[in-house]
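Just below is one structure, and these are the notes that go with it.
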Amino acid sequence: MQTLRKAPMKVSIIVASLLPEFGIGSKGRLPWHLKKDMKFFKEVTTRTVDQNKKNIVIMGRNTYDSIPKRFRPLKGRLNVILSKNADEYREQLKSELQAHPDTLKIEDSLEKAIEQSKLLHGIEEVFIIGGAQVYNSAMSAQGHIVDRIFLTKISSPVKVSMDTFLKFDAEQWEKRSLDDLEEYLKSKGLGGEFQLSGNKEGEFEYSFLLLENKK
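Its first residue numbered 2, the sequence shown is counted upward by one per residue in the working numbering.
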């Protein structure tokens, strides 16, 4: 088993996608409701190796707006929202920002959000959590700002209508072993918590994968 390359602070994408087209949505919604995948997302983005640190989740404005108000900002994580009209959006979310000054921030670009994240004390990892425009901008950005992808690989025997896709370049990414992924989960106290392959809910079958940027 290879040792994962280490960096001061990893920037990751975490996403569920229907293969082989890499579909991630239809009409602004997820075509699936996978309980184990939702738990994987929550635990991976929340848990840290160092209990004194937190993780950051970066998302687009539409993604944040789609979260029911009673669940936002996402608990246990610093939420950074991207909006081209940051000042206008800050005014719109004024009451939420005042109520959650330590866990909710707004930035006007992905690059700026990541730069600011690196300057913050007590941050362990950064996770980019959507939507499609943010994912694709991150993967195509100069400088290879994304270190790895936590991919929930979904398949279905039934055709699923999709209109939103990842622009995924397979040549850029190296699939790591399930042992590597399990080692990562174990470091966060999640060893044995998830069945990494062969999951099935309804018509959907799915597995959890770890991809690392070849850079």
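Glycine residues also receive a C-beta, built at the ideal position from the N, C-alpha and C atoms.
Could you check the C-alpha separation between residue i and residue j for me, to the nearest Å?
i           : j           : result
residue 200 : residue 206 : 6 Å
residue 195 : residue 66  : 29 Å
residue 10  : residue 44  : 18 Å
residue 170 : residue 27  : 21 Å
residue 52  : residue 190 : 11 Å
residue 24  : residue 127 : 23 Å
residue 141 : residue 173 : 10 Å
residue 119 : residue 92  : 26 Å
residue 98  : residue 74  : 10 Å
residue 5   : residue 70  : In this prediction, residue 5 scores a pLDDT of 46, lower than 50, which makes its location untrustworthy; no coordinate-derived value is stated.
residue 139 : residue 193 : 30 Å
residue 143 : residue 94  : 31 Å
Please tell me whether residue i and residue j are closer than 8 Å, where the distance is taken between their beta carbons.
i           : j           : result
residue 83  : residue 106 : no
residue 55  : residue 116 : no
residue 87  : residue 112 : no
residue 182 : residue 136 : no
residue 17  : residue 130 : no
residue 41  : residue 153 : yes
residue 214 : residue 159 : no
residue 122 : residue 216 : no
Could you pull out every residue in the same chain whose Cβ sits closer than 6 Å to the Cβ of residue i, ignoring the five residues on either side in sequence?
i           : result
residue 77  : 47
residue 162 : 27
By Cβ distance below 7 Å, which residues in the same chain neighbour residue i in space, the five residues on each side in sequence not counted?
i           : result
residue 63  : 132
residue 3   : Note that residue 3 scores 47 on pLDDT, short of 50, meaning its location in the model is unreliable; the coordinates nonetheless yield the value given after this. Same-chain partners within the cutoff: 181.
residue 114 : 59, 81, 83 and 108
Excluding sequence positions up to five away, which residues of its chain have a Cβ less than 8 Å from the Cβ of residue i?
i           : result
residue 90  : 62, 82, 84 and 107
residue 204 : 157, 158 and 159
residue 60  : 80, 81, 82, 83, 129, 130, 131, 132 and 135
Check the C-beta distance from residue i over to residue j and give it rounded, since I have them as a contact under 8 Å.
i           : j           : result
residue 14  : residue 150 : 5 Å
residue 176 : residue 197 : Not confirmed; about 12 Å, so no contact.
residue 188 : residue 50  : 5 Å
residue 36  : residue 184 : Not really, about 24 Å apart at Cβ, beyond 8 Å.
residue 19  : residue 110 : Not really, about 29 Å apart at Cβ, beyond 8 Å.
Touch test, the stretch 90 to 107 against the stretch 18 to 35, Cβ-Cβ under 8 Å, three pairs minimum:
no
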